[in-house]
């Protein structure tokens, strides 16, 4: 009996010694991110090599789903790190109390701002880990085969020859698409911005399930072009796909952020990963061809910048959009819902209305009568205008509906009722627009 007890105590002692030894397993850091596998795997391998006692687990979700996951997970069980491109998503999490300050983690070589935009959150809840711009990715072979001109601005994708040749996704499925939509809304104004977005969607052959569905479709020739975050276009280009990427004048250069989630298990280990991602080794990984992101570190502090690599400082200087994250955060769910009810769930009807308008314009040419012009103008207004004004989107009434607890039955019912009204109105508008466009053709 004494021998067995002695043996058991010896085993326990050895176990404790091993656990406290250098290189022993210290904890798991779970990272919730929308980034592609090429990026996350590179960081996982490099970090675990530098920190063999810490294991990284990657929980891949689109940004919108990631926010919901964090908010719905009880404290003590949440992932340690949130890592995504959209700064407004971090504002949403911060406002909900889901982020905590990461302490003295920083990289002193990182500038305070990119253009007029702070790289790190002034309240210390999240940090810029990379920089991101938004623009147009296009397939050069596709354009040559269909005799299409290379797009340079958003409005180029609204031209009749681009009908059926564009690919898009929804902001409710992609944080980067949400930022693209919000950038256009802020750069062009609410009414004109929605006109651009709706017409681009009307020219789209499909709305993909995830943000990477757009660059994948452009790489393989399913789409000729589409709006994407820059690293999708740049990584494909530097990986030798027949694609190019261009930043329109109406774009924004903003940080892709990383933050510490409150209520996580292994907070200290999470801080170590954030520090690694901000350090020189973590920043250098961004330059790998399959990743192709813009570092927050100035280029003079780095080595081996690829030839022709975009300079974020110059891009920020020419950008016309000074992105307002507070405005984006306030109407975050309103913009997503409005897009889905008028575009995503009514895409077929929008395509039909767009085609009817384009067909009428082509038939009438420069010989349209005043009556035909009036009918066509009304058709365009019905098909390509937002259902609510910018003021309504920020009104107390609509804000109260979308900012409420969605688990509350009454709140959920109010959201469903409003969304149903928008959906029905969009359907009616597209139907009427088709009718008016056909009348214009025969006027």
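Numbering (mature numbering (1 follows the signal peptide of the UniProt record, and there is no 0)), first residue to last: -26 to -1, 1 to 417.
The beta-carbon is built from N, C-alpha and C at its ideal position, and this holds for glycine as well.
Rounded Cβ spacing between residue 236 and residue 50 (contact assumed at less than 8 Å): Not really, about 10 Å apart at Cβ, beyond 8 Å.
Of the residues 400, 265, 342 and 56, the one placed nearest residue 327, counting alpha carbons only: 400
Delimiting residues of the alpha helix (DSSP H) encompassing residue 311: 306 to 313
Residue range of the alpha helix (DSSP H) that includes residue 229: First-last for residue 229: 228 to 235, but that is the beta strand (DSSP E), not the alpha helix (DSSP H).
Coarse secondary structure for residue 167, derived from DSSP in three states: helix
Unbroken alpha helix (DSSP H) run spanning residue 162, endpoints: 149 to 162
Cut-off 7 Å between Cβ atoms - residues of its own chain near residue 403, not counting five sequence neighbours on either side: 356 and 357
Short CB-CB distance (under 8 Å) between residue 70 and chain D: Here there is only one protein chain, and chain D is not present.
Residue burial classification, residue 410 (beta-carbon count within 10 angstroms, cutoff 16): buried
Rounded separation between residue 142 and residue 159 - CA only: 16 Å
Host beta strand (DSSP E) of residue 385 (start-end): From DSSP, residue 385 is part of no beta strand (DSSP E) but of the alpha helix (DSSP H) over 383 to 415.
Three-way DSSP call (helix, strand, coil) for residue 114 in this model: helix
Residue 371 - partner residues in DSSP beta bridges: In the DSSP output, where bridge partners are listed per residue, residue 371 has none listed.
Those runs of the beta strand (DSSP E) which lie wholly inside the stretch 73 to 143 and span at least 3 residues: 100 to 106, 108 to 113 and 140 to 143
Contact under 8 Å by Cβ, residue 231 with residue 82: no
Straight-line gap, residue 363 to residue 167 (C-alpha atoms, nearest Å): 12 Å
DSSP-derived helix/strand/coil call for residue 201: strand
Whole-Å CB distance - residue 120 paired with residue 198, under 8 Å assumed: 7 Å
Nearest to residue 127 (by Cα), restricted to the options 144, 109, 135 and 114: 109
Identity of the residues DSSP links to residue 33 by a beta bridge: 6
Cβ shell of residue 217 (< 7 Å), same chain only, five flanking positions each side left out: 111, 112, 113, 114, 192, 193, 207, 210 and 211
Residue 203 to residue 150 span [Cα, whole Å]: 6 Å
Extent of the continuous beta strand (DSSP E) to which residue 217 belongs: 217 to 220
Rounded separation between residue 347 and residue 7 - CA only: 49 Å
Extent of the continuous alpha helix (DSSP H) run through residue 14: 11 to 24
Where residue 188 sits in the DSSP three-state scheme: helix
Where residue 56 sits in the DSSP three-state scheme: strand
Span separating the alpha-carbon of residue 416 from that of residue 174: 26 Å
Residue span of the alpha helix (DSSP H) that contains residue 327, given as start and end: 321 to 338
Span of the alpha helix (DSSP H), counted from its first residue to its last, around residue 349: 344 to 358
Nearest-angstrom Cα separation, counted from residue 323 out to residue 405: 7 Å
When 35, 316 and 359 are compared against residue 170, the one with the closest alpha-carbon: 359
Through-space distance from residue 249 to residue 390, alpha-carbon basis: 42 Å
Whole-angstrom C-beta distance between residue 154 and residue 201, which should lie under 8 Å: 5 Å
Reference residue 99; option with closest CA among 307, 80 and 240: 80
The stretch 293 to 306 in contact with the stretch 269 to 277 per 3-pair CB rule at 8 Å: no
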